[in-house]
Each structure stands twice: as C-alpha cells, then as structure tokens.
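Those letters in the sequence shown? Residues 138 to 609, by this note's numbering.
Heads up: the structure comes next, in structure tokens.
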Amino acid sequence: MKELKLWEVVTITAETKLIGTTWVFKTKENAQNEILEHKARLCAQGFLQTPGIDFQKTFAPTGCLNSLRTLISFAASKNLSFEQLDIKSAFLNASLDEEVHLTIPHGLNHDKQKSCLRLKKAIYGFRQAPQAWYNQLSTWLKTVGFKAAISDPCVFYCNNHSPVWLFIHVNDIGGFGRDLTTFKQEFNTKLLGQADLILGINIHQSNDHIGLSQEHYVNSILEIYGMSNCHPVATPLIPNEHLETQTQEEIFPTPLALSQFLEKPGIRQWNAFMHVLRYLKGTADVCIIYKKNVEEQAIAYSDTNWGNCRVTRRSVSGHLILFNKGLVIWKTKKQPTVSLSSAEAEYKALCNLESEVLWFQKFSNEVKLASTPQSMTVYKDNQGCIDTANSNCNVNSRRMKHVEIQLHFIREAIKNGKITLSYTPTTSILAEFLTKSVCKPAIIRAMTGLNLLRLGETGGVKISEHFSNRLN
Numbered sequence: 138m139k140e141l142k143l144w145e146v147v148t149i150t151a152e153t154k155l156i157g158t159t160w161v162f163k164t165k166e167n168a169q170n171e172i173l174e175h176k177a178r179l180c181a182q183g184f185l186q187t188p189g190i191d192f193q194k195t196f197a198p199t200g201c202l203n204s205l206r207t208l209i210s211f212a213a214s215k216n217l218s219f220e221q222l223d224i225k226s227a228f229l230n231a232s233l234d235e236e237v238h239l240t241i242p243h244g245l246n247h248d249k250q251k252s253c254l255r256l257k258k259a260i261y262g263f264r265q266a267p268q269a270w271y272n273q274l275s276t277w278l279k280t281v282g283f284k285a286a287i288s289d290p291c292v293f294y295c296n297n298h299s300p301v302w303l304f305i306h307v308n309d310i311g312g313f314g315r316d317l318t319t320f321k322q323e324f325n326t327k328l329l330g331q332a333d334l335i336l337g338i339n340i341h342q343s344n345d346h347i348g349l350s351q352e353h354y355v356n357s358i359l360e361i362y363g364m365s366n367c368h369p370v371a372t373p374l375i376p377n378e379h380l381e382t383q384t385q386e387e388i389f390p391t392p393l394a395l396s397q398f399l400e401k402p403g404i405r406q407w408n409a410f411m412h413v414l415r416y417l418k419g420t421a422d423v424c425i426i427y428k429k430n431v432e433e434q435a436i437a438y439s440d441t442n443w444g445n446c447r448v449t450r451r452s453v454s455g456h457l458i459l460f461n462k463g464l465v466i467w468k469t470k471k472q473p474t475v476s477l478s479s480a481e482a483e484y485k486a487l488c489n490l491e492s493e494v495l496w497f498q499k500f501s502n503e504v505k506l507a508s509t510p511q512s513m514t515v516y517k518d519n520q521g522c523i524d525t526a527n528s529n530c531n532v533n534s535r536r537m538k539h540v541e542i543q544l545h546f547i548r549e550a551i552k553n554g555k556i557t558l559s560y561t562p563t564t565s566i567l568a569e570f571l572t573k574s575v576c577k578p579a580i581i582r583a584m585t586g587l588n589l590l591r592l593g594e595t596g597g598v599k600i601s602e603h604f605s606n607r608l609n
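Shown next, in the form of structure tokens:
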C-alpha cells in the first residue's frame with residue numbers, strides 16, 4: 138500500500154463524509170487445495186456510499202466462459218501455451234475520480250478522532266472499484282497494442298510481434314501465445330506458468346490436449362451434503378421421472394427443472410437432487426478435452442423436446458457448439474411460448490442457436506482466430522424444420538406463418554452463408570440430453586461424441602468404458 142501511495146492522511150472537517158473500513162483475512166489455494174499464502178486485505182464498507190456523491194458508475198464487464206473455452210480450444214489446436222497471470226492487489230492500481238475519505242483502520246498510528254484517509258486509488262469494497270480497475274487495465278493494454286473484442290470486452294488481442302490473447306476476469310488473467318512478459322512492465326504481475334486453476338475450473342495440460350474439469354468443486358459439494366461415499370448412477374435424472382410440488386402440478390422432466398422448485402421443494406425434488414449428486418459422484422473426474430494439432434472445424438447441434446411441460450405445454454430447447462472437436466458452448470432453455478407443432482418448436486430452437494452462432498463467428502473474427510470457418514454446419518433431426526428454413530416449404534402455411542420473423546432471420550443467415558443445415562437421425566443429435574431426461578446409452582453416446590474423457594487418462598479411454606466400469 139505504501140508503494141502504490143493509496144492515500145494521504147488529512148484532517149477531518151465538518152464537510153468530510155467518512156466511509157468505514159474492515160480487514161478481511163483469507164487463504165489462497167492452488168488446484169490441489171494446498172495453501173499458497175495467507176492474505177490480509179483492507180476493504181471499504183461500500184454499502185455506506187451515496188450514489189451520485191461517492192460514486193457515479195459501477196458497471197464493469199467480466200469474462201464470458203464461452204469466450205474462455207473458445208480460446209482454449211483454439212490454443213490447443215495451434216499448440217499455443219496457456220498460462221496464468223496474477224496481478225497482486227489489482228484494484229489498488231486503479232485511480233479514483235471521486236474524492237473519498239476513509240476512517241483510520243486498525244493498525245495505523247493516527248488520531249482517529251481528528252484524522253482520516255483521503256484515497257487516491259481504489260480499494261476493495263468500493264462500488265466503483267471494479268469499473269475503475271477495468272478502465273485502468275484496458276487503457277494501458279490499448280497503449281501497448283492490444284485491442285478489446287466488442288463481442289466480449291474482457292478478451293484482448295495483440296499481434297505486434299507474435300499473436301497474444303488475454304482473457305480477463307477482474308485480476309484472474311489467462312494468457313494464450315508465446316510472449317506474455319509485457320505485463321511486468323506496468324503492474325506487479327506474477328507469471329504463474331501453465332494455467333491449472335481459473336474461475337474455479339481445473340485446467341489439465343499435457344503434450345496432446347488441454348482438459349477442463351471441476352473435480353474439486355464437485356467433491357466439495359458432495360462433502361457438504363454428506364454424499365462423498367454415495368453410489369454413483371449413470372444418468373442425471375431417472376428417465377421419465379416427473380417432478381411435482383405439493384402445491385402445483387407443473388411437471389418438468391429434466392434436471393433443469395430442479396431450479397424451478399427452490400421456493401417450495403418436496404420430497405420428490407429432494408430425492409431428484411440426491412440423484413443428481415450421485416451422478417456427479419460418478420462423473421467428477423470427467424474432462425472436456427481440447428486436443429492439440431487438430432483440423433479447424435466448427436459444428437453445432439440443436440434439439441427440442443416438444444410440449445414436454447404438461448401444464449403449460451411449452452417446449453425445452455437445447456443447443457451446443459463444437460470448435461476444433463471440443464465443446465465450447467451449450468445452453469438449455471424453456472421456450473417462452475407454446476408451439477403448435479414440433480417443426481415450430483425446432484425452429485424456435487434453431488433461432489436461438491443462430492444467435493449464438495452469430496456471436497461465435499463475430500467473436501472469432503474480432504480476435505483473429507486464424508482460418509475460422511464462416512459457415513457453420515448445424516445438425517437437426519427434424520426434416521420439416523430444415524425444409525422450411527431452406528424455402529422448400531410454403532411460408533404461408535397455417536402452422537408456420539406466425540413465426541415469420543424467426544423464419545426470415547434463419548433464411549437470411551443461410552443466404553449469407555453463416556450456417557448450413559444438415560439432417561441427422563435423432564440418435565446422432567448430441568444435444569438430446571440437454572432437452573430431456575435420457576437413458577444411460579444416450580448419455581454414453583453423447584459424451585463419446587463430445588470427446589469427454591476421464592481425468593488422468595493418457596491412453597484415450599472413452600467415457601463409455603468409464604461408465605461401464607463404474608456406474609449402474
């Protein structure tokens with residue numbers, strides 16, 4: 138704090154508004170849950186700040202996990218290093234625009250009745266601190282040649298000497314490239330070497346792949362609920378199991394439904410939650426694998442469970458995108474309106490996917506991911522949806538004219554070469570498990586197709602063998 142000259146001691150006046158402080162003590166751990174260091178951090182009591190006086194704007198962007206996974210997949214395909222950087226006390230580097238005064242914290246030898254601290258830079262706890270830090274960091278990055286992506290302002294790209302990509306989430310920074318020493322010029326930065334833990338995600342790097350898992354996080358959840366020694370199961374939810382609350386008759390057949398019963402859960406919802414934990418027990422050591430030196434390719438899958446809600450009859454749609462044979466984007470969503478046909482439900486799902494595809498293509502172009510394909514193949518199992526999108530079906534048909542806006546959105550994307558629709562049987566749709574509760578063979582088929590492997594497996598054993606050996 139002395140080196141950064143965070144404050145100066147001034148005399149309290151009648152106009153001085155004081156913000157309280159508190160000390161926060163915590164330990165920093167690595168990916169193996171080993172304690173690296175003990176930290177003491179002085180924090181401001183930001184809840185005492187007055188909008189318009191003590192701060193103006195507070196919004197600060199945070200990194201998108203879709204962007205992170207896309208960069209990891211690209212780095213693996215190009216055999217680039219994926220390293221982690223840590224900026225010590227990041228917020229303390231950011232300048233403040235407002236004049237803010239703090240009470241004298243414990244440990245400083247000053248008269249607390251007559252003196253206070255006038256801050257020159259931000260500290261943790263201030264509402265505007267995240268924004269001040271982002272502005273400081275992004276401004277400096279631009280002066281040394283980096284450009285921020287519009288589609289994700291927390292991703293920066295530079296190609297002055299050799300290409301470098303940065304993924305920033307406050308002070309957690311992932312670097313992709315061959316020269317990451319620039320940061321040491323401006324901030325107190327540690328180059329931590331190969332990334333092994335970022336945003337709670339374990340990173341496993343080897344000579345032929347980069348893997349992502351959340352084994353330690355899953356194990357901590359199992360320990361909290363006393364399920365560390367439970368018997369694993371092969372599916373997230375029992376196939377065809379319906380969940381009902383004691384006061385409502387809404388029925389949802391997917392694990393996503395559990396979050397909709399948080400207010401008044403019953404015994405059936407609790408048992409379903411325990412079933413999910415047993416599933417996590419058997420799959421905690423499974424990684425999303427991004428193989429190195431693979432051919433660049435981007436494909437997508439879209440699926441819908443038509444009218445599966447027995448009360449509202451709304452459908453659930455799901456999609457996923459694979460980049461260089463690695464899973465980078467996935468999403469499950471309950472559709473906001475009722476669909477009159479399966480083709481309509483599939484078309485709504487395709488429209489949601491197309492929005493994601495456009496973001497992916499824009500992001501890839503902005504940060505110069507080399508040879509990024511402009512047209513993405515999207516696999517569907519509904520021929521009626523494909524025919525309508527390709528203008529092989531009458532647009533004024535009774536069952537489709539009420540989705541005309543979505544129809545033109547998709548047709549425009551096809552015409553502009555953004556996507557290409559391709560039919561595939563239902564058994565080959567890898568997004569099926571995102572929309573419905575499926576049986577064990579479907580789970581195994583999807584995980585095998587998505588290239589999910591067991592943690593620490595160097596021989597390339599597929600997830601199907603993993604399930605056969607460990608799960609019911």
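C-beta atoms are modelled at their ideal positions from N, C-alpha and C, and glycine is treated no differently.
From a predicted model like this one, the values you see are computed outputs, not experimental measurements.
On the CB-based measure, 16 or more other CB atoms within 10 Å of its CB, does His243 come out buried or exposed? The residue is exposed, with fewer than 16 neighbouring Cβ atoms inside 10 Å.
Alpha carbon to alpha carbon, how far is Glu432 from Arg264? 45 Å
Going by CA-CA distance only, name the one from Asn216, Ile466 and Ser574 that's closest to Thr441. Ser574
Going by the beta-carbon positions, is the gap between Lys505 and Ser214 smaller than 8 Å? In this structure, the beta-carbon distance from Lys505 to Ser214 does not fall below 8 Å.
Can you tell me whether Ser559 is buried or exposed, with buried defined as 16 or more other CB within 10 angstroms of its CB? exposed
Quick check on this structure: which residue in Thr280, His238 and Arg548 has the alpha carbon closest to the alpha carbon of Ala260? The sequence as given places Ile at residue 260; Ala does not occur at that position. Checking every option, the nearest Cα to that of Ile260 belongs to His238.
Between Ile466, Leu179, Leu464 and His456, which has its C-alpha nearest Gln472's C-alpha? Distance from the Cα of Gln472 is smallest, within the candidate group Ile466, Leu179, Leu464 and His456, for His456.
Name the DSSP beta bridge partners of Gln331, please? Glu220
In this structure, does DSSP put Leu587 in helix, strand or coil? coil
Can you check whether the CB of Gln273 is closer than 8 Å to the CB of Ala197? no
Could you give the residue range of the beta strand (DSSP E) that holds Trp302? For Trp302, the uninterrupted beta strand (DSSP E) segment begins and ends at Val301 to His306.
Run of the alpha helix (DSSP H) containing Leu245, from where it starts to where it stops: Premise fails: Leu245 is in no alpha helix (DSSP H) and is neither H nor E.
Whole angstroms are fine: how far does the CA of Asn408 sit from the CA of Pro300? 50 Å
On a Cα-Cα basis, can you pick out the residue from Lys327, Gln186 and Cys295 that is closest to Phe313? Cys295
Going by alpha carbons, who is nearest to Gly311 out of Lys517, Leu245, Val370 and Cys201? The residue with the shortest Cα to Cα distance from Gly311 is Cys201.
Please confirm if the region 240 to 259 is in contact with the region 144 to 154, defined as three or more CB-CB distances below 8 Å between the two stretches. yes
For the region 553 to 588, list the alpha helix (DSSP H) runs that are entirely contained and at least 4 residues long, ordered along the chain. 577 to 586
For Leu336, which of Ser232, Arg206, Glu503 and Asn527 has the nearest alpha-carbon? Arg206
Taking only the alpha-carbon atoms, compute the straight-line gap between Trp302 and Lys279 and give it to the nearest angstrom. Going by the C-alpha atoms only, they are around 13 Å apart.
Relative to the C-alpha of Leu374, which residue among His412, Ile358 and Gln406 is closest? Nearest option by C-alpha distance: His412.
First and last residue of the uninterrupted alpha helix (DSSP H) at Ile404: Ile404 to Thr420
How many Å lie between Asn610 and Ser275 at the Cα? The structure shown does not extend to residue 610, since the chain is modelled only from 138 to 609, so the question has no answer here.
In whole angstroms, what separates the C-alpha of Thr326 from that of Ile224? 4 Å
Going straight from the alpha carbon of Phe219 to that of Gln342, what length do you get? 9 Å
With DSSP as the reference, identify every bridge partner of Glu174, one or two as the case may be. Lys165
From the beta carbon of Leu141, is the nearest beta carbon of chain D less than 8 Å away? Absent here is chain D; the protein component of the structure consists of one chain.
Assuming Tyr438 is part of the beta strand (DSSP E), what are its boundary residues? Ala435 to Asn442
Note the first and the last residue of the continuous beta strand (DSSP E) segment covering Leu477. Run containing Leu477: none; DSSP gives neither H nor E here.
Grab me the residues of Tyr416's own chain with a C-beta within less than 6 Å of its C-beta, minus the 5 sequence neighbours each way, in chain order. Cβ neighbours of Tyr416 beyond the five flanking positions: Val370 and Pro373.
Please go through the region 241 to 297 and give each complete beta strand (DSSP E) segment of 3 or more residues, from N-terminal end onward. For the region 241 to 297, whole beta strand (DSSP E) runs of length 3 or above, ordered along the chain, are 252 to 256 and 292 to 295.
If Lys485 and Ser439 are in contact, beta carbons under 8 Å, what's the gap, nearest whole angstrom? Not really, about 10 Å apart at Cβ, beyond 8 Å.
From the DSSP output, which residues share a beta bridge with His341? Gly348
Cutoff 6 Å; reference Asn216; Cβ partners in own chain excluding five residues on either side: Lys429 and Asn430
Rounded separation between Gly183 and Trp144 - CA only: 17 Å
Output yes or no for whether 8 Å exceeds the beta carbon distance between Leu222 and Leu317. yes
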